[in-house]
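Remarks on the structure that follows.
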Ligand SMILES: [Zn+2]
Ligand SMILES: [Zn+2]
């Protein structure tokens with residue numbers, strides 16, 4: 012049988028982009044077959060494994076790993092570096108998948124736990140609308156009493172053997188903002204004959220930035236006003252991101268931005284088209300699950316760090332909306348470097364730590 016390390020190295024060598032995980036899914040299926048674990052396809056390029064234990068089989072724990080890679084050219088000297096030009100497992104999803112595979116193999120050997128354990132090898136975490144939403148749209152846990160959905164992410168600010176937890180709000184909801192501020196441009200010296208699209212867009216940017224507070228992050232990162240010293244353009248394009256933690260605040264901030272745009276249009280005589288691409292919901296952990304997980308980690312003599320909430324996003328948020336959920340961070344060593352870079356190289360010893368801990372959680376939940 013393939014070991015978790017071999018499994019990880021295979022995925023690392025053959026990374027595939029979001030929603031294109033064709034070979035990855037086939038490989039996972041082959042490895043699960045060898046381990047005698049039943050599985051089915053989900054969300055096209057995802058794989059859903061199922062292991063039945065004993066007792067009440069309607070009680071279920073769901074373990075989730077993402078499997079997609081990033082459009083980055085790898086620059087490590089690993090012997091198992093990417094052979095797929097321009098694509099790299101630079102976010103550690105190969106580690107997540109290997110941990111899940113290792114856990115499932117161990118659980119399938121004895122089947123001595125209560126209830127049913129599902130393992131989702133989920134596609135498309137890195138791309139809107141997120142593979143998690145596609146998995147859930149197929150209602151794979153209909154009829155089950157899901158007591159916990161468990162996910163993890165590698166973290167190179169933690170050493171191997173360290174785990175990071177956060178109660179409640181952990182990671183933000185993310186929405187992409189796009190604006191087209193349009194009007195009648197013209198000679199910049201003849202202001203009475205034109206609509207100042209640049210002035211309107213600049214005011215809109217300033218007003219949006221004013222919406223930042225202790226629970227909201229909003230930024231405009233792109234602003235294209237392609238006029239000249241003496242030309243006001245007909246259109247200014249802007250784009251940015253909105254990060255929030257609760258749905259009420261998320262909605263209120265969008266309303267605020269919308270209202271400001273209308274006010275500025277009235278003032279400048281412009282017309283602003285606004286597009287908000289809804290991203291993932293916030294990752295909000297169940298407090299009771301976090302407490303138990305922290306206690307198990309301490310029993311296993313793992314180092315526990317309680318982390319601050321962060322404004323990055325994760326499509327795991329889709330599971331949190333529906334089920335009691337637990338998300339934690341798995342230390343892969345500070346030598347690993349930053350994720351989403353061409354030199355990211357997590358310490359593989361984290362895989363064994365991850366397997367031991369997730370197996371414990373699955374059994375005890
Ligand atoms: Zn990522
Ligand atoms: Zn990731």
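Residue numbers (my numbering): 12 to 376. We treat Cβ as the ideally placed atom computed from N, Cα and C, and that holds for glycine.
Assumed close pair residue i, residue j - CB separation to whole angstroms, cut-off 8 Å
{"i": "residue 80", "j": "residue 99", "result": "6 Å"}
{"i": "residue 180", "j": "residue 61", "result": "The pair is not a contact, with the Cβ atoms about 31 Å apart (cut-off 8 Å)."}
{"i": "residue 290", "j": "residue 123", "result": "Contact flag wrong, Cβ pair sits at about 40 Å."}
{"i": "residue 173", "j": "residue 316", "result": "6 Å"}
{"i": "residue 67", "j": "residue 125", "result": "7 Å"}
{"i": "residue 211", "j": "residue 262", "result": "Actually they do not touch by this definition, with Cβ atoms about 24 Å apart."}
{"i": "residue 255", "j": "residue 184", "result": "5 Å"}
{"i": "residue 247", "j": "residue 208", "result": "5 Å"}
Alpha carbon of residue i to alpha carbon of residue j, nearest angstrom
{"i": "residue 89", "j": "residue 253", "result": "37 Å"}
{"i": "residue 365", "j": "residue 162", "result": "11 Å"}
{"i": "residue 189", "j": "residue 245", "result": "17 Å"}
{"i": "residue 258", "j": "residue 229", "result": "15 Å"}
{"i": "residue 46", "j": "residue 251", "result": "46 Å"}
{"i": "residue 301", "j": "residue 118", "result": "22 Å"}
{"i": "residue 305", "j": "residue 335", "result": "16 Å"}
{"i": "residue 328", "j": "residue 238", "result": "41 Å"}
{"i": "residue 344", "j": "residue 323", "result": "20 Å"}
{"i": "residue 288", "j": "residue 268", "result": "14 Å"}
{"i": "residue 227", "j": "residue 217", "result": "15 Å"}
{"i": "residue 203", "j": "residue 193", "result": "16 Å"}
{"i": "residue 169", "j": "residue 108", "result": "19 Å"}
{"i": "residue 29", "j": "residue 13", "result": "24 Å"}
Local Cβ density within 10 Å of residue i, reported as buried at 16 or more and exposed below that
{"i": "residue 25", "result": "buried"}
{"i": "residue 141", "result": "buried"}
{"i": "residue 41", "result": "exposed"}
{"i": "residue 370", "result": "buried"}
{"i": "residue 6", "result": "As displayed, the chain neither begins before 12 nor continues past 376, which places residue 6 out of reach and without an answer."}
{"i": "residue 84", "result": "exposed"}
{"i": "residue 96", "result": "exposed"}
{"i": "residue 130", "result": "buried"}
{"i": "residue 165", "result": "buried"}
{"i": "residue 93", "result": "buried"}
{"i": "residue 50", "result": "buried"}
Residue i beta carbon near ligand 4 (any heavy atom closer than 7 Å)
{"i": "residue 351", "result": "This structure lacks ligand 4; the ligands present are ligand 1 and ligand 2."}
Reference residue i; option with closest CA among the options
{"i": "residue 167", "options": "20, 111, 103, 198", "result": "103"}
{"i": "residue 294", "options": "118, 29, 177", "result": "177"}
{"i": "residue 236", "options": "59, 191, 169", "result": "191"}
{"i": "residue 155", "options": "210, 356, 70, 92", "result": "70"}
{"i": "residue 127", "options": "251, 48, 198", "result": "48"}
{"i": "residue 17", "options": "368, 362, 376, 260", "result": "362"}
{"i": "residue 357", "options": "57, 340, 33", "result": "340"}
{"i": "residue 374", "options": "15, 51, 63", "result": "63"}
{"i": "residue 286", "options": "265, 85, 138, 322", "result": "265"}
{"i": "residue 147", "options": "240, 58, 309", "result": "58"}
{"i": "residue 330", "options": "199, 256, 144", "result": "144"}
{"i": "residue 333", "options": "193, 206, 151, 227", "result": "151"}
{"i": "residue 205", "options": "195, 91, 134, 54", "result": "195"}
{"i": "residue 171", "options": "360, 368, 376", "result": "360"}
{"i": "residue 372", "options": "21, 106, 159", "result": "159"}
{"i": "residue 73", "options": "240, 338, 342", "result": "338"}
Test: residue i CB closer than 8 Å to a CB of chain B
{"i": "residue 185", "result": "In the structure shown, chain B cannot be found, because there is only a single protein chain."}
Specify which residues have a beta carbon nearer than 6 Å to any heavy atom of ligand 2, listing them in chain order.
-> Counting only beta-carbon distances shorter than 6 Å to the non-hydrogen atoms of ligand 2, the qualifying residues in chain order are 102, 104, 136, 164.
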